[in-house]
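A.B. asks:
Here it is, written out as structure tokens:
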């Protein structure tokens, strides 16, 4: 299986719930998650890191920084990100970009 080098943020339509994770294929991951979700999932952000290690590091840092906003403490993947929380998440990702620990492929955060 290919390395998990893509960091993604998905949004559950009509909610403030976001999923943050890494995968080897964005389309594959969205397909898997849609299978167990009755709401539409929107791709808000995806970026390809140079290595799977960099992607995992970024994901872990985001999960740690956002842990108080999790919708389920056991899963650490879904977060309620409203207003400043969402802006903070974008700022953290911008820091990863500035640090140059990845190669930007797609950046569609609004």
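In our numbering, the protein residues as written are 800 to 909.
Think of the CB as a built atom: it goes at the ideal place given N, C-alpha and C, for glycine as much as any other residue.
Would you check if there are 3 or more beta carbon pairs closer than 8 Å linking the segment 844-862 to the segment 800-819?
C.D. replies: Contact between the segment 844-862 and the segment 800-819 is present, because at least three Cβ pairs lie under 8 Å.
A.B. asks: Inspect the CB distances between the segment 828-843 and the segment 888-897 and report whether three or more fall short of 8 Å.
C.D. replies: No, the segment 828-843 does not touch the segment 888-897.
A.B. asks: Taking 7 Å as the cut-off, is the beta-carbon of residue 882 closer than that to any non-hydrogen atom of the ligand FAD?
C.D. replies: Absent from the structure shown: the ligand FAD. Ligands present: none.
A.B. asks: Keeping to the same chain, check which residues put their C-beta closer than 7 Å to that of residue 815; ignore five residues upstream and five downstream.
C.D. replies: For the purposes of this step, residue 815 is taken as the residue at position 16 of the chain shown. Counting only Cβ-Cβ distances below 7 Å, and skipping sequence neighbours, we find 879, 880, 881.
A.B. asks: Identify whether residue 849 lies in helix, strand or coil by the three-state DSSP scheme.
C.D. replies: Counted from its first residue, the chain shown places residue 849 at position 50. Coil at residue 849, not helix or strand.
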